[in-house]
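First up is the structure itself, then whatever we jot down about it.
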């Protein structure tokens, strides 16, 4: 191995290790969209003794399309993330068509939706998402910016 | 990603690649996003008969009114005219089951009771809703004779409730009086049983008047 080749090999291995160190990796799912694009929460019953009693809920369909072309063949775990946007929590519970995993997520957390080898250039699925919250928002409208991130092995 | 290492030092190369990696993460920062608005502010008031708003206590139904204007009445026997013994009034209400959605039999004898319930739904904030009742000064008969509305009082009850007097008992004052204040996302309800004080002899006739309950929020 020449001096230059060994340097390149060292650098390349350093980049690979750096990739794992740099977890998580934000994934591009800009082709995802919700139906409808905006939703209004509906009141839940006032009965006490239930979670989110007196709170609100909404349902939305999300067509997911995650760009994974840079990670094809790599192994890792993909999480859906809901950054905290205000003190009042939002809970999201979803089902899927099977490509991604169903799950539950609360503001400020992330939940696993895929584990294994990235199979192709995109990961697509359709989620039915139920959103719930208490009636303690600091405003009458808010924007929820979900995203996906990868922990590469 | 391709790094050209021929004309730059190792440190420079690492720096270039690092910058590109950082940029790649920034470029990929797209995500699904959803605009969400809170539930509409809702006021719900029922006095006597009326339809529930929404299912199972959501108070989320279509805005509007329903039901009849209920009547409470009493006939004073001649032998008891003005003797100062209060007489219970009957009601044409048939509403016995709570509008809260829990199936509670709040007014087990609606023929002598009127169910009064109020609910307020809102997101955040500290605004409250206020339940008031307004009564005219007097009831009037066909001859123009009057009986003060202050002759009519009510007691309250709510079997199965831990707060049966959540709307308190009282006496009409011939004006507007506040009955209760509701914080957001609360519902209050109980039964009102009316009585006529019968404290003076009145001219013969049928005296009538209407009281109006109002729930309002800023």
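Chains as they are written, first to last, in the numbering used here: chain A, 1 to 153; chain B, 1001 to 1218. We put the CB at the ideal spot given by N, CA and C, even for glycine.
Close-in-space but distant-in-sequence residues of the same chain around residue 36(A) (CB under 8 angstroms, 5 per side omitted): By 1-based counting over the first chain, the position of residue 36(A) is 36. Result list for residue 36(A): 60, in chain order.
Under the three-state DSSP convention, the category residue 1123(B) falls into: Here the question's residue 1123(B) lines up with position 123 in the second chain. Here residue 1123(B) sits in coil by DSSP.
Under 7 angstroms, CB to CB, which of the residues in the region 80-107 of chain A have a partner in chain B? Within the region 80-107 of chain A, not one residue has a Cβ closer than 7 angstroms to any Cβ of chain B.
Chain A residues whose Cβ lies nearer than 8 angstroms to that of residue 1178(B): Taking the second chain and counting its residues from 1, the one referred to as residue 1178(B) is at position 178. Among the residues of chain A, none has a CB under 8 angstroms from the CB of residue 1178(B); the nearest is roughly 22 angstroms distant.
Taking 7 angstroms as the CB-CB cut-off, is residue 142(A) touching chain B? Start at 1 with the first residue of the first chain, and residue 142(A) comes out as number 142. Flagged as an interface residue toward chain B: residue 142(A), by a C-beta distance shorter than 7 angstroms.
Under a three-way DSSP split, which group does residue 1217(B) fall into? As a first step, residue 1217(B) is located in the second chain; it is residue number 217 there, counting from the start. In this structure, residue 1217(B) counts as coil in the three-state DSSP scheme.
To which residues of the same chain is residue 1117(B) closer than 6 angstroms at the C-beta, ignoring the five residues directly before and after it? Position 117 of the second chain, counted from the start, is the residue given in the question as residue 1117(B). Cβ neighbours of residue 1117(B) beyond the five flanking positions: 1046, 1099 and 1189.
Local Cβ density within 10 Å of residue 153(A), reported as buried at 16 or more and exposed below that: Reading the first chain from its first residue, position 153 is the one you call residue 153(A). It counts as exposed.
According to DSSP, simplified to helix, strand and coil, what is residue 1032(B)? For the purposes of this step, residue 1032(B) is identified with residue 32 of the second chain, where counting begins at 1. In this structure, residue 1032(B) counts as coil in the three-state DSSP scheme.
Proximity winner among 1066(B), 1119(B) and 1071(B), relative to residue 1210(B) (alpha-carbon distances): Locating residue 1210(B) in the second chain gives position 210, counting from the first residue. Taking each of 1066(B), 1119(B) and 1071(B) in turn and checking the Cα distance to residue 1210(B), the smallest one comes out for 1071(B).
Using a C-beta to C-beta distance shorter than 8 angstroms, which residues of chain B count as neighbours of residue 38(A)? Locating residue 38(A) in the first chain gives position 38, counting from the first residue. By Cβ distance, chain B contributes 1034, 1035, 1036 and 1037.
Please report how far the alpha carbon of residue 1023(B) lies from the alpha carbon of residue 71(A), in whole angstroms. By 1-based counting over the second chain, the position of residue 1023(B) is 23. By 1-based counting over the first chain, the position of residue 71(A) is 71. Residue confidence is low: residue 1023(B) scores 38 on pLDDT, short of 50, so the model does not pin down where it sits. No coordinate-derived value is stated.
Alpha-carbon to alpha-carbon, residue 1185(B) and residue 1029(B): On the second chain, position 29 is the one that residue 1029(B) refers to. On the second chain, position 185 is the one that residue 1185(B) refers to. Since pLDDT at residue 1029(B) reaches only 49, below the 50 mark, its modelled position is unreliable, and the value read off the structure follows with that caveat. So the two alpha carbons sit approximately 38 angstroms from each other.
When you compare the region 1076-1096 of chain B with the region 1187-1205 of chain B, are there three or more beta-carbon pairs, one atom per stretch, that lie closer than 8 angstroms? Between the region 1076-1096 of chain B and the region 1187-1205 of chain B, the count of C-beta pairs closer than 8 angstroms reaches three or more; the two stretches touch.
Mind pulling the chain A residues with CB within less than 8 angstroms of residue 1104(B)? Walking along the second chain from the start, residue 1104(B) turns up at place 104. Those do not exist, as residue 1104(B) stays about 11 angstroms from chain A at its closest Cβ, beyond 8 angstroms.
Where residue 1099(B) meets chain A, residues with beta-carbon distance less than 9 angstroms: Stepping through the second chain from its first residue, residue 1099(B) is reached at position 99. Ordered by position in chain A, no residue passes the 9 angstroms Cβ test against residue 1099(B), which lies about 11 angstroms from the chain.
Contacts of residue 1185(B) in chain A (Cβ-Cβ under 7 angstroms): As a first step, residue 1185(B) must be located in the second chain, where it is residue number 185. Those are 46, 54 and 135, listed as they occur along chain A.
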